[in-house]
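Taking it in order: structure first as structure tokens, then the write-up.
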Amino acid sequence: MNDLTSIIFRKVWWQYDVTDTSWFSIVYHWFNIAEGVAWVVFAILVLMRFLQHGKSKLELWYAFTFLLFGITDFREAWQQSSPLIWIKLLILIALLWLRKVVLTKFYPEAKLF
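Quick note on my numbering: the sequence shown kicks off at 1 and runs consecutively.
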């Protein structure tokens, strides 16, 4: 049971090592950096939309959640662990809920963010 708890809550699954030249480590590292940048761009776009239209302060939380998700991807570029997976899951749930509420109530014509 102790091993299962460790796997679920504490295990480090992957760690970036500059000397590791395997294709997986290189691609995984840079993909997560690119993905983190994309999430930050979405955060900026949502923030810009809020500053233009200001329909709901909930958009600030929506932008912040995108930013948090981007930060977790930057972290994942150096280490993938069970705690990070759980944190990403919670942020993703919040992000999807906020997306649904913001787009449905305030921007029904929007398709992407």
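C-beta atoms are modelled at their ideal positions from N, C-alpha and C, and glycine is treated no differently.
Quiz item: Should V101 and L51 be called a contact, given that it needs their Cβ atoms to be closer than 8 Å?
Solution: No.
Quiz prompt | Where T5 falls, given that 16 or more other Cβ within 10 Å makes a residue buried | solution = Answer is exposed; the Cβ neighbour count stays below 16.
Quiz item: Between R99 and the rest of its own chain, which residues show a CB-CB distance below 8 Å, the 5 nearest in sequence each way excluded?
Solution: If you ignore the 5 residues before and after R99, its C-beta comes within less than 8 Å of the C-beta of Y62 and F113, all in its own chain and listed in chain order.
Exercise. Kindly list the residues whose CB is nearer than 6 Å to the CB of Q116, restricted to its own chain and excluding five residues on each side of it in sequence; keep chain order.
Key: What the structure shows of the chain is the stretch from 1 to 113, and residue 116 is not part of that stretch, so it cannot be assessed.
Exercise. Check each candidate in F24, Y28, F69 and S82 and name the one with the smallest Cα separation from I93.
Key: It is F69.
Self-check item: Euclidean distance between Cα positions of L60 and S22
Solution: Approximately 40 Å between the Cα atoms of the pair.
Quiz item: Which residue from W39, W78 and F64 puts its Cα closest to that of V18?
Solution: Restricting attention to W39, W78 and F64, the CA atom closest to the CA of V18 is found in W78.
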